[in-house]
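Okay, so here's the structure we're looking at.
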Amino acid sequence: MKLLVVGATGTLGRQVAKCALEEGHQVRCLVRNFQRAAFLREWGAELVRANLCVPETLAPALEDMEVVIDAATARPTDSLSIRQVDWEGKLALIQTAQRAKINRFIFYSILHADKFPHVPLMDIKRCTEAYLAESGLPYTTLQLGGFFQGLIGQYAIPILEEQAVWVTGESTPTAYMDTQDVARLTLRALVTPETQGRTLPLVGPRAWTSAEIIKLCERLSGKQAKVTQVPLGVIKAGRQVLRSFQWTWNIADRLAFAEVLAGSYPFTAPMEEVYTLLGANPDDATTLEAYLQEYFGRILKKLKELTYEQEKQKRKRKKPSPFKR
Ligand SMILES: NC(=O)c1ccc[n+]([C@@H]2O[C@H](COP(=O)([O-])OP(=O)(O)OC[C@H]3O[C@@H](n4cnc5c(N)ncnc54)[C@H](OP(=O)(O)O)[C@@H]3O)[C@@H](O)[C@H]2O)c1
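Here our numbering is used: the first residue of the sequence shown is 1, the next is one more, and so on.
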C-alpha cells in the first residue's frame, strides 16, 4: 500500500513508519524539518516537507497516496497551539484527504475524550472524531491511553538520577501501551475491512497507578524514588492563572490535561473485541514489566561498564612510575 504517515518524527509516528516499512509498504512521511527526519529516510521512507498549519502544503504531500495515518499533535515546546495543530490543521488534512480520494484515514484520538469537554485537547479530539465520522472518508479512529515511552522521562530517569518524581495525590489507573504494539495493530486495522468506519479503543494489557509504576521502577532499578506530591488544587489554580495570559495558553491547556490524569476516570477499556476483530493475540502485547525490565537492564549494564572504565582509568593514573624523579 502507498501510505502517508503524518507526525512520523514523533514517538508513535516513527514506530508506525518503521513497522509499515518492515511490512513492505511504500511509506511517505509528511515532515516539517528534513534534518530532524533524516533517520526516516535512512529507514527507507520518502520525505515530503509540509505543515498541517500551512494548508496549501498538504495536497502535494497526499498526491498518489492510498492511506493516511495521522500521528501528529502539537508539541508542548512549539509556538503553534493545540487548537492550531490538532483542530485547524487536522480539519485541513481531512479535507485534503477527501479531495485526494484517500482509501483509508487513520486517526489517533484519546480514550474518554467525550468525558472531558472542559479540557481543550480532549474536546478537540472528540470534535475531530465526529468531523471525521461525518466526512464520508473511509476512516478508523483508534482511542489511545498513554505510552510506555512517556514513562521513561516521567519516572525511570528521575528515579535513576535520584531526582524528584512529581505526582498528584490522586492518580487515574492508566492502561499504558508500547508504541510498537500500537503501530503493529494499526497496520492490522488497515488490512481488516471490518475496522472501516469504526472507533476502537487501543490500550495496554493492564492499568497502572503512579504508585504502582514507581514501585515497579524501584524494584527494577534497585533505587528508592524521591516522590514529591503536587495537590490537584495547585494544578487547577495554576491553570486559572496561566489562562489569564495568552502566551501561556499552551501551558494552561497542558495543565488541564494533568487534571485528567489525576481524575477518577480509569484510562482503560475492554480489548477482547478489538483483538478478535484484528485477529491478533492479546498475549503478544508487551507488558510494562517486560518493557521496563529491558530498559533498566540496558541502562544499568551501561552504567556498570562506565563505572568500570572510570575505575580502570583512576587505577592507571595512580600507578607509581618506575622512574626516579
Ligand atoms: N503521548 C501519549 O501518551 C498519547 C496518548 C493518547 C493519544 N495520543 C495521540 O497519539 C498521537 C501521537 O502522539 P505522540 O505522543 O507520538 O506525538 P509526539 O511525539 O508529540 O509527536 C508529534 C508529531 O506531530 C508533528 N507535528 C506537530 N505539529 C505539526 C505540524 N504543524 N505539521 C506537521 N506535523 C506536526 C511533530 O513533528 P515535528 O518533529 O516537526 O515537531 C511530531 O512528528 C497523537 O494524535 C496524540 O494525540 C498520544
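Note that the Cβ used here is the ideal one computed from N, Cα and C, for glycine as well.
Alpha helix (DSSP H) containing Ala20: first to last residue? 11-22
Minimum C-alpha distance to Thr276 - residue among Leu151, Arg188, Asp70: Nearest of Leu151, Arg188, Asp70 to Thr276, Cα basis: Arg188.
Quick one: which unbroken alpha helix (DSSP H) runs of 4-plus residues sit fully inside the segment 119-153? Chain order, please. 120-134, 148-151
Just to confirm, does Gly153 get its C-beta within under 7 Å of one of the non-hydrogen atoms of ligand 1? no
For Met162, does the three-state DSSP call read helix, strand or coil? Residue 162 is actually Glu in this sequence, not Met. If DSSP states are grouped into helix, strand and coil, Glu162 belongs with coil.
Would DSSP call Asp178 helix, strand or coil? Asp178 sits in coil when the DSSP states are folded into three classes, being neither helix nor strand.
Once DSSP output is grouped into helix, strand and coil, what is the label at Ser109? strand
Starting from Cys217 and walking both ways along the alpha helix (DSSP H), at which residues does that stretch end? Cys217 -> alpha helix (DSSP H) spans 210-221.
Based on the DSSP secondary-structure assignment, which residues constitute the bridge partners of Asp70? Val6, Phe107
What is the rounded straight-line gap between the Cα of Phe147 and the Cα of Arg317? Spanning the two alpha carbons is a distance of roughly 46 Å.
Please confirm whether any heavy atom of ligand 1 lies closer than 7 Å to the CB of Tyr291. The answer is no for Tyr291.
For ligand 1, is there a heavy atom less than 7 Å away from the beta-carbon of Arg126? no
Beta-carbon within less than 6 Å of Thr195's beta-carbon, same chain only, minus the 5 sequence neighbours each way: which residues are those? Thr140, Ala189
Beta-carbon separation of Asp181 and Ala285 under 8 Å? yes
Taking only the alpha-carbon atoms, compute the straight-line gap between Gly10 and Lys302 and give it to the nearest angstrom. 26 Å
Nearest-angstrom Cα separation, counted from Lys125 out to Asn51: 19 Å
Ignore the nearest five residues each way along the sequence and tell me which others in Ala97's own chain have a CB closer than 7 Å to its CB. Leu62, Val68, Phe105, Leu137
Please list the terminal residues of the continuous alpha helix (DSSP H) segment that includes Pro60. Pro60: member of the alpha helix (DSSP H) spanning 58-62, first to last residue.
Helix, strand or coil for Gln26? Go by DSSP, reduced to three states. When secondary structure is reduced to three states using DSSP, Gln26 falls in the strand class.
Can you tell me whether Phe116 is buried or exposed? The criterion is at least 16 other CB atoms within 10 Å of its CB, across all chains shown. buried
Can you tell me where the beta strand (DSSP E) with Glu46 in it begins and where it stops? 46-49
heavy atom of ligand 1 below 7 Å from Ile110 C-beta: yes
Here's the rule: buried if 16 or more other CB atoms are within 10 angstroms of the residue's CB, otherwise exposed. What is Arg353? Since the first residue shown for the chain is 1 and the last is 325, residue 353 is missing from the structure and cannot be characterised.
Using a threshold of 8 Å, state whether the C-beta atoms of Pro266 and Thr172 are closer than that. yes
I need the DSSP call for Leu202, collapsed to helix, strand or coil. strand
Smallest Cα separation from Arg198: which of Ile102, Gln224, Gln143? Gln143
Among all the DSSP beta bridges, which residues are the ones paired with Thr359? Outside the shown range of the chain, which is 1 to 325, sits residue 359, and nothing can be said about it.
Taking its Cβ as the centre, do 16 or more other Cβ atoms sit within 10 Å of Ser210, making it buried, or is it exposed? buried
By how many angstroms is the C-alpha of Ala280 removed from the C-alpha of Ala164? 39 Å
When Gly44, Leu12, Val6, Phe39 are compared against Glu23, the one with the closest alpha-carbon: Gly44
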